[in-house]
Amino acid sequence: MPANICKSETAGTGFIASRPWLWVVLAFVVLLSAWGTLFYIALNNQPEVVPLKHLIGA
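Shown next as structure tokens:
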């Protein structure tokens, strides 16, 4: 620890408070997991294929 910093000044800061970039990483992880969950649900619940009749002379 540098000599010009008092221990009482750094005692109140937490691990995440001293590293704000972790919030950005956490936000991207949450975003990617939300997208992954969305695509997983969408792929497993696709609509049923409905055959269409060809309309002759319409």
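The opening residue of the sequence shown carries number 3 in the working numbering; numbering runs sequentially from there. Where a beta carbon is used, it is the ideal one built from N, C-alpha and C, also for glycine.
Residue i - DSSP class collapsed to helix/strand/coil
| i | result |
| --- | --- |
| Phe17 | coil |
| Ile43 | helix |
| Pro52 | Just to set this straight, residue 52 is Val in the shown sequence, not Pro. It is coil, neither helix nor strand. |
Residue-level contact to chain B via CB, residue i, 8 Å cutoff
| i | result |
| --- | --- |
| Ile18 | Chain labels in this structure do not include chain B; a single protein chain is all it has. |
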